[in-house]
Structure formats: C-alpha cells, structure tokens
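**Q**
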Amino acid sequence: GFKPQRTVEFHWYAGEEGGLLGSQDVAQAYKRESRKVVANMHFDMTGFWRREDKEVIGLVADHTDPELRALVTKLAAEYTRLQTREFECGYACSDHASWNTAGYRSAMAFESDKLDANTNIHSPADTVATLDFAHMLEFSKLAVAFAYEVGYADEA
Numbered sequence: 001g002f003k004p005q006r007t008v009e010f011h012w013y014a015g016e017e018g019g020l021l022g023s024q025d026v027a028q029a030y031k032r033e034s035r036k037v038v039a040n041m042h043f044d045m046t047g048f049w050r051r052e053d054k055e056v057i058g059l060v061a062d063h064t065d066p067e068l069r070a071l072v073t074k075l076a077a078e079y080t081r082l083q084t085r086e087f088e089c090g091y092a093c094s095d096h097a098s099w100n101t102a103g104y105r106s107a108m109a110f111e112s113d114k115l116d117a118n119t120n121i122h123s124p125a126d127t128v129a130t131l132d133f134a135h136m137l138e139f140s141k142l143a144v145a146f147a148y149e150v151g152y153a154d155e156a
C-alpha cells in the first residue's frame, strides 16, 4: 500500500472565479498556523484538448516555482505520454497563485499551453460531451506520480 513518509493532502476549492476565495482562505490559514507544505501541485481544467493543437500538459510559468515545474516536467516524461510546455497566464489565473502568494512552492498543470484553447468554458457548451477522457487520464497519472514521488522524497 501507499504509505508516504510525508503527509499528502488533496484539496478542492470553491470561489475561484470570485477571486481565488477558497484557496486563499486555505493557504492563508496554513501560513497563519505555520504549517509546513513541501509542495503544492494544482490541476485546473484538464479535460479539453483542441485537436488542431499539439496535445500537451501546459505548465503555468508565472506564480509558480521553477524547481517544482522542472520536477513536474520530469514526472510527466516518466509517467505520461505527453510532453509539457510552459506558458504564462499574465496574472494570478488560478488557485496555485494563492499558495505562491502565501510563500509555498506551487506548480500548475493545465489542459493546454493556451489559456483560451477551450472556447466552451463558462458557456452552455461546457459539458461532459466536450471532455477528452484519454487526455484527462494523463493528468491523473501525473497527479498520482507527484503524490508518490513528493510523498517519499527526502527533498522535492
């Protein structure tokens, strides 16, 4: 069984569109409590792949830790069939930024290397019918690999 040396937590947040409200509350509470967080890996919008684009795991380069991005790139190469591509949001585009702002190392994986690739987002067309489950599987593999490797590593 999976018994990591470190605590591994999975978080789901509400209020992202309202200004990262859920993740800010949690990250700031961890900071106030001086809780040790070795790494935060955030996955946002992992189910859509526009066929005319190269299928990749997008890694957000701003509001993230470069060493952690390098680790995620290595894990993706080892455990998934996809390459990573870095891109910038240009702003605190998702919950990873709350952890970064609170002083914790963070990385974020995204369904594409373009923020606007999914034109269905926040529309009536944003349905399960537009999801690519094989694409999502690669992000699931990455999540498990990250939890396993960081959970066992002496240093991340």
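For what it's worth, the UniProt record's numbering labels the leading residue of the sequence shown as 1, then goes sequentially.
All residues carry an ideal CB built from backbone N, CA and C; glycine is no exception.
1) What is the DSSP secondary structure of Thr73, reduced to helix, strand or coil?
2) Using 8 angstroms as the Cβ pair cut-off and three pairs as the minimum, do the region 134 to 151 and the region 40 to 53 touch?
3) Select from Ala77, Tyr91, Arg35, Asp113 the residue whose C-alpha is nearest the C-alpha of Glu52.
4) Going by the DSSP bridge assignment, what does Arg32 pair with across the sheet?
5) With the cut-off set at 8 angstroms, would you say Ser106 and Leu75 are in Cβ contact?
6) Would you grab the beta carbon distance between Gly22 and Ala14 for me? Rounded to a whole angstrom, and I think it's under 8 angstroms.
7) For Glu111, which residues of its own chain have a beta-carbon under 6 angstroms away from its beta-carbon, when the five flanking residues on both sides are left out?
8) Tell me which same chain residues have a C-beta within less than 6 angstroms of the C-beta of Met41, skipping the five on either side of it?
9) Of the residues Val128, Met136, Tyr148, which one's Cα is nearest the Cα of Gly1?
10) Between Met108 and the ligand ADP, is the CB less than 7 angstroms from at least one heavy atom?
11) Per DSSP, what kind of secondary structure is Gly58 in: helix, strand or coil?
12) Quick check for students: name the residue ranges of the beta strand (DSSP E) that lie wholly in the UniProt domain "Peptidase M28" (3 to 146), counting only runs of 3 or more.
13) Please name the residue, chosen from Arg50, Leu115, Ala77, that lies closest to Gly90 on a Cα-to-Cα basis.
14) Just verifying my parser: in three-state terms, what is the DSSP assignment at Ala151?
15) Only counting the same chain, and skipping five residues up and downstream in sequence, which positions put a Cβ closer than 7 angstroms to that of Gln5?
**A** Judging by the given coordinates:
1) helix
2) yes
3) Asp113
4) DSSP, once it has assigned bridges, lists no residue as partnering Arg32.
5) no
6) 5 angstroms
7) Met45, Thr46, Phe48
8) Ala107, Phe146
9) Tyr148
10) This structure does not include the ligand ADP; it has no bound ligands of any sort.
11) strand
12) 40 to 44, 57 to 60, 84 to 87, 106 to 110
13) Leu115
14) This sequence places Gly at residue 151; Ala is not what is there. Reduced to three states, the DSSP call for Gly151 is helix.
15) Gly151, Tyr152
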